[in-house]
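Numbering (the working numbering), first residue to last: 25 to 266. For reference, the structure is listed below as structure tokens.
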């Protein structure tokens with residue numbers, strides 16, 4: 025990817041919420057279908073790595089239609105979840121999903137910026153992001169702000185796509201991501217290039233040790249990077265111990 029492409033992606037990230045507004049109506053269908061349901065399996069992985077606390081007040085950034093909060097709330101230690109997203113279209117759908125499950129007293133979804141988090145210092149025990157941070161205008165600044173709003177012994181868990189190390193898996197992955205997924209996604213969502221843009225952001229974003237370095241720069245300790253499904257995605261974990 026050349027510098028011009030990188031510049032275009034960076035500019036589009038600043039207003040990526042507008043793209044999500046436009047594809048909100050078909051997002052859940054495409055997300056589950058194009059991932060072959062693996063996205064549900066991945067989200068359940070979060071439940072196995074929650075911070076060791078008796079009660080947990082959680083924050084989910086880039087919450088979209090609320091699938092991560094609806095997964096996290098399965099653990100009885102989680103008493104409250106706040107979900108933030110800049111896309112009103114996505115949040116509106118998420119609010120309806122939460123109400124349908126009668127969980128609106130525990131899950132509060134709202135419009136909010138994940139780079140400049142509208143919350144006081146030391147407010148949360150857990151912050152999660154699921155396949156959203158690569159679309160942030162400033163991921164490093166977001167990580168610093170996540171550190172700020174976490175309490176002592178709080179944890180951040182971030183899921184994001186990566187590039188598999190295995191050559192065969194990588195070849196299949198690139199074909200799927202560069203050709204099949206964008207074509208089907210754009211057709212079903214009726215958006216000219218939403219899924220073309222979203223998939224380009226995967227190859228441009230740092231992953232593995234490079235992303236762990238961003239977390240380290242923000243102050244996180246006990247860093248982990250767990251490959252998911254042949255390394256096509258990663259679960260990053262970090263703790264605030266100060």
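Glycine included, every Cβ here is placed at the ideal spot set by N, Cα and C.
Exercise for the section: Give me the Cα-Cα distance between residue 226 and residue 79, rounded to the nearest whole angstrom. Expected result: Here residue 226 is taken as the residue at index 202 of the chain shown, counted from 1. Here residue 79 is taken as the residue at index 55 of the chain shown, counted from 1. One C-alpha to the other measures close to 34 angstroms.
Practice task
Would you check if the segment 157-167 and the segment 237-257 touch, i.e. whether three or more CB-CB distances between them fall below 8 angstroms?
Solution key: The segment 237-257 is in contact with the segment 157-167.
Handout entry: residue 269 - containing alpha helix (DSSP H), residue span
Key = Absent from the model: residue 269. The displayed extent of the chain is 25 to 266, so no value can be given.
Exercise for the section: Express the C-alpha separation of residue 223 and residue 202 in angstroms, rounding to a whole number. Expected result: To locate residue 202, count along the chain shown from 1; it is residue 178. To locate residue 223, count along the chain shown from 1; it is residue 199. Going from the Cα of residue 202 to the Cα of residue 223 covers about 7 angstroms.
Practice task
Have a look at residue 113 and residue 177 and give me their C-alpha separation to the nearest angstrom.
Solution key: Sequence index remark: in the chain shown, residue 113 carries index 89 (1-based). Sequence index remark: in the chain shown, residue 177 carries index 153 (1-based). Take the alpha-carbon of residue 113 and the one of residue 177: they are about 34 angstroms apart.
Practice task
Just mark residue 184 as buried or exposed, buried being the case when its beta carbon has 16 or more other beta carbons within 10 Å.
Solution key: As a position in the chain shown, residue 184 is number 160, starting the count at 1. With 16 or more Cβ atoms within 10 Å of its Cβ, residue 184 is classed as buried.
Handout entry: beta strand (DSSP E) segments (min. 3 residues) lying fully within the segment 154-198
Key = Within the segment 154-198, the runs of beta strand (DSSP E) that reach at least 3 residues and sit entirely inside it are, in chain order, 174-185.
Exercise for the section: Decide yes or no for the touch test of the segment 85-97 against the segment 118-133: beta carbon pairs closer than 8 angstroms, at least 3 of them. Expected result: Contact between the segment 85-97 and the segment 118-133 is present, with at least three C-beta pairs closer than 8 angstroms.
Problem - Continuous alpha helix (DSSP H) stretch holding residue 41: start and end - result: To locate residue 41, count along the chain shown from 1; it is residue 17. From DSSP, the alpha helix (DSSP H) with residue 41 extends over 40-58.
Exercise for the section: Please list, in chain order, all residues of the same chain as residue 151 whose beta carbon is under 8 angstroms from its beta carbon, the five residues on each side excluded. Expected result: Position 127 of the chain shown, counted from the first residue, corresponds to residue 151. Around residue 151: 82, 83, 84, 85, 170, 173, 174, 178, 179, 180, 181.
Practice task
Could you check the C-alpha separation between residue 50 and residue 193 for me, to the nearest Å?
Solution key: As a first step, residue 50 must be located in the chain shown, where it is residue number 26. As a first step, residue 193 must be located in the chain shown, where it is residue number 169. Computed Cα separation, rounded: 28 angstroms.
Exercise for the section: Tell me where the alpha helix (DSSP H) around residue 79 begins and ends. Expected result: For the purposes of this step, residue 79 is taken as residue 55 along the chain shown, with counting starting at 1. Counting along the chain, residue 79 falls outside any alpha helix (DSSP H), and DSSP gives it neither H nor E.
Practice task
Work out the CA separation of residue 138 and residue 45 for me, nearest whole Å.
Solution key: By 1-based counting over the chain shown, the position of residue 45 is 21. By 1-based counting over the chain shown, the position of residue 138 is 114. Taking the straight line from one Cα to the other gives about 16 angstroms.
Handout entry: Cutoff 7 angstroms; reference residue 75; Cβ partners in own chain excluding five residues on either side
Key = Locating residue 75 in the chain shown gives position 51, where the first residue counts as 1. Within its own chain, the residues whose Cβ lies closer than 7 angstroms to the Cβ of residue 75, once the five positions on either side in sequence are excluded, are 149, 150, 177, 178, 179, listed in chain order.
Handout entry: Residues near residue 256 in its chain [Cβ-Cβ closer than 6 angstroms; skip 5 each side]
Key = For the purposes of this step, residue 256 is taken as the residue at position 232 of the chain shown. So the list reads 188, 197, once near-sequence residues are dropped.
Handout entry: Contacts around residue 244, its chain only, beta-carbon distance under 7 angstroms, and the 5 residues preceding and following it disregarded
Key = By 1-based counting over the chain shown, the position of residue 244 is 220. If we look at residue 244 and ignore the five residues flanking it on each side, its Cβ neighbours are 171, 180, 262, 263, 264.
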